[in-house]
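First up is the structure itself, then whatever we jot down about it.
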Amino acid sequence: MDQTNLLTAVRQYSRQQHEPAWLLALREKAVAVYARLPLPKFEKINYADWPLEDFTRPTEQVSAEPSADLGAGQQFYSVGDTTIQLSLPTEAIEQGVILSDLRSAIQTHGDLVQRYLMQKALQLGDDKLTALNTALMTNGFFLYVPANVVLKAPIEITQYVDSRQAQNFFNHSLVIAAENSRVQVIQRLKTLGAGAAIAHLLVEVIAEADATVDFAGIDALSANTTAYLNRRGVLGPDARLNWELAEMNAGRVVADFDTELKGRGSEAQVKTIAIATGQQTQGIDTRVTNYGQKTTANIIQRGIILDAAALIFNGIGHIVKGAHGAKADQENRLLMLSSKARGDADPILLIDENDVEAGHAASVGRVDEQQMTYLLSRGIPKPVAERLVIRGFLAGVITELRSQRLRTELNSLIERRLTDEH
Amino acid sequence: MSTLVIKDLKVAVTENEQERLILKGVNLTLKTGETHAIMGPNGTGKSTLSETIMGNPAYRVVSGSVQLDGVNLLDQTIDQRARAGLFLAMQYPAEIKGVTNIEFLRAAINARRADDDQQPVTEFLAQLDRNLALLNMSDSMAERYLNEGFSGGEKKRNEILQLLMIQPKFAILDEIDSGLDIDALQVVAKGVNSLKGPDFGTLMITHYQRLLNYIVPDYVHVMMDGRIVKTGGPELASTLEAEGYAGLRDELGLTVALTDDDVK
């Protein structure tokens, strides 16, 4: 689709949705930026021939039929563009917490959406794919936690990509934690149906001064889903953002997980685990940039590669000029379980200031023999022992997951990914 | 009753590309219901013996046999030997972050049972509670990652916890007393003693007589230079404590260099 047609289609969709003028203007600008920029480049991740740009005009996906799993306990549950369940504890509502789909938020909290959407975390002009998403996004979730509100129970989000639809999926979500607030978000991504799907899923997280956001992403898209994932965080002074991301997808994935430490004294942790199997490629590019003074970044990535799969971990620690007293640490480790597997664990440090601390470690190795011998010596058969060691290698990183339920869920996902036919 | 028979076992290890014979013909028969202790100076092959019985691939069997109830164990993998009834309490157990003690124990127990006969969770937990109490271990130990961040004493207790849960035919305790204070030693001994009975045999490996005050052996074997040079009752340990290994060596007229000869 050429630029003129895309622009016409975008305008038509925006009108149908009765979108405010500011949003139409943003989308129009996005079309222009999309046309102008090249695909974002991630070291050693070659996804140029993936069909991420095969799209038609933006149309609403209507998924009348929910999945059998009705998302019990989920605060937000959607299939395709259709929001099926939405609930917040009374206490949270009384404190002014807003949870809705993006489309409704645009109508009912337009001022908030306008202030944050593609303004603070992601911005137009960053890259081609985020611009494309801005032009074509049809829905997502919107979470706003007002200043000084502390939510004890996590906000749980489950979003299904509906592969029964031929339409591309452009999803865009926002999490805003205002000053001194605290929230834990758990986002699960899955695929419904066995068809081929292309999914663009973006999440912007804005943690304002002194806010703390714990964001767990459990991504388990199907083998037929080709996905571009982008999660971007931006932090105000003394804010904290803890990412725990589990890439348990079975299909091709290119992921861009970036965090901007803007405010002085802000801290980000990014812990990512991934399993690649079959013929799959997963490329995960994690960057944390220290802008503010005394900011702290810590990236830990661990992955397992089986069969003829490829897994690429780029870890980018960037300390800009003026970020005095900043710290940037990272560790990227991969286990290769097959001679045909391909893995890269690349630490990249870009340091433009002197009085800072930066460190990295990377390794590509095999299963720990001493651990294996120990498990075998207790009578545990080799395949089971190997799965336990591998699971430990991954799950040992995700130690912050507070609830036993989540840890169990993650363990069984890992187990399933390791035992699936491949 | 089960019997573990070691016959003329010769074992070599490769260090710096040089193969060296460590066990030079060990003969030993253990029966369930019996408690044996192997004592001996450093570097004499005690740990080599226990690792070889268990099947550590770093040790190459040159000749001889290890049989459990007439079945040759040397053809079997480590996990098969464990399921056949052997248990080795290790000096330096591995740490595995991300795998809890509980799931590890369940995997070990269920590995011994048929797929359609896995141990019910309630039965498992009841058994676990009893054994934790016996070893003065807190419930939280079971939820912790396997040996991760455990102190030396906690690791040893955890080895004994596994022993109590798995209930093997034969336990080999490799220097289970090292690094333990008296209180911890008593707890560990209590655990091992609680298993004593007609269906359980123990082979303890130790430098010191101290352990044998708490777990009293029926037989004491002294190993020097890759062979068992003397076998006796518990009184042999006391003699050794009084006279040292050098005394016994000279009495037997052996020409074995002891690692600690230099000290004198």
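Chains as they are written, first to last, in our numbering: chain B, 123 to 544; chain W, 49 to 312.
Ideal Cβ positions, reconstructed from N, Cα and C, are used throughout, including at glycine.
In this text, all values refer to a predicted model and were calculated from it rather than measured experimentally.
Item, Value
"Assigned exposure category for SER209/B - 16 Cβ within 10 Å defines buried", "exposed"
"Which of helix, strand or coil DSSP assigns to VAL69/B", "For residue 69/B there is no data in the structure shown, the boundaries of chain B being 123 and 544."
"Meets three-Cβ-pair contact criterion under 8 Å: the stretch 164-178 of chain B and the stretch 136-152 of chain B", "no"
"Closest by C-alpha distance to GLU537/B, when choosing among GLN526/B, PRO505/B and SER525/B", "PRO505/B"
"Bridge partner(s) assigned by DSSP for SER295/B", "VAL325/B"
"LEU80/W and GLY239/W closer than 7 Å at C-beta", "The sequence shown places Thr at residue 80/W, not Leu. Not in contact: THR80/W and GLY239/W (Cβ atoms no closer than 7 Å)."
"Cβ neighbour criterion (16 or more within 10 Å) applied to VAL230/B", "Val is not the amino acid found at residue 230/B; the sequence shown has Thr there. It is exposed - the Cβ of THR230/B has fewer than 16 other Cβ atoms within 10 Å."
"Span of the alpha helix (DSSP H) around PRO505/B", "504-517"
"Cβ of LEU457/B within 7 Å of any chain W Cβ", "no"
"Supposed contact pair GLN404/B and GLU369/B - C-beta distance, whole angstroms, cut 8 Å", "6 Å"
"Residues near LEU246/B in its chain [Cβ-Cβ closer than 8 Å; skip 5 each side]", "LEU148, LYS151, ALA152, VAL155, MET240, THR252, ALA253 and THR256"
"Spatial neighbours of ASP474/B in its chain, beta-carbon cut-off 7 Å, leaving aside the 5 residues before and after", "ILE441, VAL442 and LYS443"
"Limits of the beta strand (DSSP E) - the one that TYR266/B falls within", "263-267"
"Cutoff 6 Å; reference ASP466/B; Cβ partners in own chain excluding five residues on either side", "LYS166 and ILE434"
"Partner residues on chain W for ALA396/B, Cβ-Cβ distance less than 7 Å", "Here the premise fails: no neighbours, minimum Cβ distance about 15 Å."
"Identity of the residue in ARG129/W, ASN206/W and GLY103/W nearest GLU143/W by Cα", "ASN206/W"
"Cross-chain neighbours of GLY518/B in chain W, by beta carbon under 9 Å", "ILE144, LYS145, GLY146, VAL147, TYR193 and GLU196"
"Closest by C-alpha distance to ASN293/B, when choosing among GLU330/B, GLN281/B and SER303/B", "GLN281/B"
"For GLU531/B, three-class secondary structure by DSSP", "helix"
"8 Å Cβ cut-off: residues of chain B touching ILE3/W", "Chain W is shown from 49 up to 312; residue 3/W falls before or after that span and cannot be answered."
"Extent of the continuous alpha helix (DSSP H) run through TYR413/B", "Run containing TYR413/B: none; DSSP gives neither H nor E here."
"CB contact below 7 Å: LEU209/W versus chain B", "no"
"Distance between TYR496/B and ASP310/W (C-alpha atoms, nearest Å)", "Any reading at ASP310/W must be qualified, since the residue scores a pLDDT of 47, below 50, and its modelled position is unreliable; the value itself is stated next. Their Cα atoms are separated by approximately 35 Å."
"Exposed unless 16 or more other CB atoms sit within 10 angstroms - verdict on SER525/B", "exposed"
"Length at least 3, wholly inside the stretch 51-114 of chain W: the beta strand (DSSP E) runs in chain order", "51-63, 66-79 and 83-87"
"Chain W contacts from the stretch 281-304 of chain B (Cβ-Cβ distance under 9 Å)", "none"
"Rounded C-alpha distance that separates GLU299/W from LYS55/W", "26 Å"
"Bounding residues of the alpha helix (DSSP H) (the contiguous stretch that carries TYR156/B)", "143-158"
"Short CB-CB distance (under 7 Å) between ASP127/W and chain B", "yes"
"Where THR541/B falls: helix, strand or coil (DSSP)", "helix"
"8 Å Cβ shell around ASN533/B - same chain, five flanking residues per side excluded", "ARG513 and ALA517"
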